[in-house]
């Protein structure tokens, strides 16, 4: 309830300042104008298509990143040599903002979908790797011993003990990885084109349509919030309830 | 002999990179269906010995054999019940109990039926679908015991299984464990630091000396297989073990607190006969 009132207040202030500011409509559009554009965009399919395109990209990139992250995490956890070598490099790579890879990606793959996919993936991979590694490392010795005395080993051991035991850490890894790849996606689309919400932003800028730009920003915020609050928070809470972790 | 521990030696490397001998020339024979307890001060290597039997760790010298076969790696014929239950929090009670059975490739229905039967034996039928965090400490330990028993192991290895529980729960579980032991005829190898527990439960108590861990004395408990032992007998045995252990405890304390430390028992409260009025 408090949130709704607060958002309402922002809306009112926005509407009023925009009308009183004296700036031209295309620079500082009023809320009503933005909502109109947003609505029309959703109806005409311009914004909906862009959303679909962006979501499709991120799902693909994100999935690849998770798989690579888990596999790398496994090797870093399992072999000391890999930890000392690759583990160190991954920590360094993690500190590079993923958009920094874009110039390289353009040269390697050209200014196309694949380049965007590349930076989306790479934005999430390293975080996922780091989190998976620490998740695997923090599996209590007790669980491992128990499983081994029952004769578990190899892939079964990994599937029934190591993976489920590190689920809490993996979920928080997913959450951060998602945030990184979502940002990388927007930056990539903004620069790379090829459709999607980011490109719609760029289009709005070149056409001088700030109402469109702000509409897209709202969509970006909404999707980000939904994914974080609905998908990941719920996942996290489910695990906490099941495991009896109090917070 | 069924379980044979033959000249086993084990050492670890400590923080300052020195080799420390933990177990020195251990020889133990356990009969099939026996109940043997190991007592000793903390750090005497009793848990290490249990892990060696479980196959979780490797011996440096000597051999551990079960029914003539050398122990090389962990296996479902020797199941461990740890101090903390170690139930998987992501599985229900039933799934925890069937974990080992599924590994044995037992059909689902059969595994479930078997698990339910065992859970009934440990009085947990009502908690089949509960998650571990919903159970009390004693219930968790019961599940852990059920999970071990359902495998029908040849040897049940218990590593201070009741030491984290409160007194009442422990007493109840002692009784239940004895019932289970008599019913299933499983061989139990029990590690504890609680002398009373060892005397109460087992047929044979092995007292460990510490640093390095070796066998100081083996004491057979006179038992009346069917029922309760007179308190005086139990207490007497307890006192005997305590006096054997005293020297060891003193050794540990001296090492930890300096040489001038001396540990004396209070003879007023517990004299040898266990009878407070005998010296009046």
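Protein chains in written order, with our numbering: chain A, 5 to 251; chain B, 7 to 286.
Glycine residues also receive a C-beta, built at the ideal position from the N, C-alpha and C atoms.
Exercise. Just the Cα atoms here: how many angstroms apart are residue 189 (chain B) and residue 127 (chain B)?
Worked result: In this structure, the straight-line span from the alpha carbon of residue 189 (chain B) to that of residue 127 (chain B) is close to 10 angstroms.
Exercise. Taking 8 angstroms as the CB-CB cut-off, is residue 80 (chain B) touching chain A?
Worked result: At least one chain A Cβ lies under 8 angstroms of residue 80 (chain B).
Problem set entry | Contact set for residue 171 (chain A): own chain, Cβ-Cβ below 7 angstroms, skip 5 residues either direction | Closer than 7 angstroms at Cβ, skipping near neighbours: 243.
Exercise. Do residue 44 (chain B) and residue 247 (chain B) have their C-beta atoms within less than 8 angstroms of each other?
Worked result: Inclusion of residue 44 (chain B) and residue 247 (chain B) in the CB contact set at 8 angstroms is not warranted, their separation being larger than that value.
Exercise. Rounded to a whole number of angstroms, what is the C-alpha to C-alpha distance between residue 275 (chain B) and residue 240 (chain B)?
Worked result: Any answer about residue 275 (chain B) is weak, because its pLDDT of 49 lies below 50 and its placement is not dependable; what the coordinates show is given next. Taking the Cα positions, residue 275 (chain B) is about 17 angstroms away from residue 240 (chain B).
For this session: Run down chain B in chain order and give the residues with a C-beta less than 7 angstroms from the C-beta of residue 139 (chain A).
Result: Within 7 angstroms Cβ-Cβ: nothing; residue 139 (chain A) doesn't reach chain B, min ~13 angstroms.
For this session: Return the chain-ordered ranges of every alpha helix (DSSP H) run that is complete within the stretch 174-216 of chain A and spans a minimum of 4 residues.
Result: Runs of the alpha helix (DSSP H) inside the stretch 174-216 of chain A: 201-210.
Problem set entry | Local conformation of residue 339 (chain A) per DSSP, three classes | Missing from the structure shown is residue 339 (chain A); chain A here goes from 5 to 251 and no further.
For this session: For chain A, find out if any of its Cβ atoms is closer than 8 angstroms to the Cβ of residue 85 (chain B); answer yes or no.
Result: Proximity of residue 85 (chain B) to chain A, defined by a Cβ-Cβ separation below 8 angstroms, is satisfied.
Exercise. Any idea what DSSP makes of residue 273 (chain B), helix, strand or coil?
Worked result: Reliability of the predicted coordinates at residue 273 (chain B) is poor, the pLDDT of 48 falling under 50, and the value obtained from them is presented with this limitation in mind. For residue 273 (chain B), the secondary structure class from DSSP, reduced to helix, strand or coil, is coil.
For this session: State whether the stretch 120-139 of chain A contacts the stretch 93-111 of chain A, with contact taken as three or more CB pairs (one from each stretch) at a distance under 8 angstroms.
Result: Contact between the stretch 120-139 of chain A and the stretch 93-111 of chain A is present, because at least three Cβ pairs lie under 8 angstroms.
For this session: Please decide whether residue 83 (chain A) counts as near chain B, where near means a Cβ-Cβ distance under 8 angstroms.
Result: It does not; no Cβ of chain B falls within 8 angstroms.
Problem set entry | Spatial neighbours of residue 175 (chain A) in its chain, beta-carbon cut-off 6 angstroms, leaving aside the 5 residues before and after | Excluding residues within five positions, the ones whose Cβ falls inside 6 angstroms are 239 and 240.
Problem set entry | Reference residue 85 (chain B); option with closest CA among B:95, B:99 and B:106 | The residue among B:95, B:99 and B:106 with its C-alpha nearest the C-alpha of residue 85 (chain B) is B:106.
Problem set entry | Helix, strand or coil at residue 5 (chain A) [DSSP, three-state] | Of the three classes helix, strand and coil, the one that applies to residue 5 (chain A) here is coil, per DSSP.
Exercise. Interface residues of chain B around residue 248 (chain A) at Cβ under 8 angstroms?
Worked result: Annotation: Cβ neighbours of residue 248 (chain A) in chain B (cutoff 8 angstroms, chain order): 95, 137, 138, 139 and 140.
Exercise. At which residues does the alpha helix (DSSP H) containing residue 179 (chain B) begin and terminate?
Worked result: Per DSSP, the unbroken alpha helix (DSSP H) holding residue 179 (chain B) starts and ends at 173-190.
For this session: Compare the Cα-Cα distances from residue 215 (chain A) to each of A:15, A:36, A:194 and A:10 and report the closest residue.
Result: Measuring from the Cα of residue 215 (chain A), the nearest candidate turns out to be A:36.
For this session: Would you kindly check if the distance between the Cβ of residue 106 (chain A) and the Cβ of residue 192 (chain A) is under 8 angstroms?
Result: Contact flag set, yes.
Exercise. Are the C-beta atoms of residue 170 (chain A) and some chain B residue less than 8 angstroms apart?
Worked result: So, not an interface residue.
Exercise. Counting only beta-carbon atoms, is residue 144 (chain B) nearer than 8 angstroms to chain A?
Worked result: It does not; no Cβ of chain A falls within 8 angstroms.
For this session: Mind checking which residues open and close the alpha helix (DSSP H) that includes residue 61 (chain A)?
Result: That run of the alpha helix (DSSP H) goes 50-82.
Exercise. Relative to the alpha-carbon of residue 181 (chain B), which residue among B:204, B:80 and B:24 has its alpha-carbon at the smallest distance?
Worked result: Of the listed residues, the one whose Cα sits closest to residue 181 (chain B) is B:204.
Problem set entry | Alpha-carbon to alpha-carbon, residue 183 (chain B) and residue 125 (chain B) | Residue 183 (chain B) has its alpha-carbon roughly 13 angstroms from the corresponding atom of residue 125 (chain B).
Exercise. At what residues does the beta strand (DSSP E) containing residue 15 (chain B) begin and finish?
Worked result: For residue 15 (chain B), the enclosing beta strand (DSSP E) has its first and last residue at 9-19.
For this session: Taking residue 158 (chain A) as the query, report the chain B residues whose CB atoms sit under 7 angstroms from its CB, ordered along the chain.
Result: Ordered by position in chain B, no residue passes the 7 angstroms Cβ test against residue 158 (chain A), which lies about 11 angstroms from the chain.
For this session: Please list, in chain order, all residues of the same chain as residue 5 (chain B) whose beta carbon is under 8 angstroms from its beta carbon, the five residues on each side excluded.
Result: With chain B covering only 7 through 286, there is no way to say anything about residue 5 (chain B).
Exercise. Relative to the alpha-carbon of residue 73 (chain B), which residue among B:206, B:218, B:225 and B:193 has its alpha-carbon at the smallest distance?
Worked result: Taking the Cα of residue 73 (chain B) as reference, the smallest distance to any Cα among B:206, B:218, B:225 and B:193 is reached at B:193.
For this session: Jot down the residue ranges of each uninterrupted alpha helix (DSSP H) in the stretch 25-93 of chain B, minimum 4 residues, whole runs only, in chain order.
Result: Taking only runs of at least 4 residues, the alpha helix (DSSP H) segments lying wholly in the stretch 25-93 of chain B are 52-60.
Problem set entry | DSSP-derived helix/strand/coil call for residue 223 (chain B) | For residue 223 (chain B), the three-state secondary structure derived from DSSP is strand.
Problem set entry | Supposed contact pair residue 94 (chain A) and residue 133 (chain A) - C-beta distance, whole angstroms, cut 8 angstroms | That pair is a contact at about 5 angstroms.
For this session: Assign residue 196 (chain B) to one of three DSSP states: helix, strand, or coil.
Result: Strand, per DSSP.
Problem set entry | Paired residues, beta bridge with residue 214 (chain B) - DSSP | In the DSSP output, where bridge partners are listed per residue, residue 214 (chain B) has B:221.
For this session: Evaluate contact between the stretch 142-155 of chain B and the stretch 112-120 of chain B, counting only Cβ atoms and requiring at least three cross-stretch pairs below 8 angstroms.
Result: No: the two stretches stay apart, fewer than three of their Cβ pairs being nearer than 8 angstroms.
Exercise. Residues of chain B with CB under 8 angstroms from residue 155 (chain A), in chain order?
Worked result: By Cβ distance, chain B contributes 80, 81, 82, 106, 109 and 110.
For this session: Determine the chain B residues that contact residue 149 (chain A) at a beta-carbon separation under 9 angstroms, and present them in chain order.
Result: Chain B residues near residue 149 (chain A): 57, 60, 62, 80, 86, 88 and 92.
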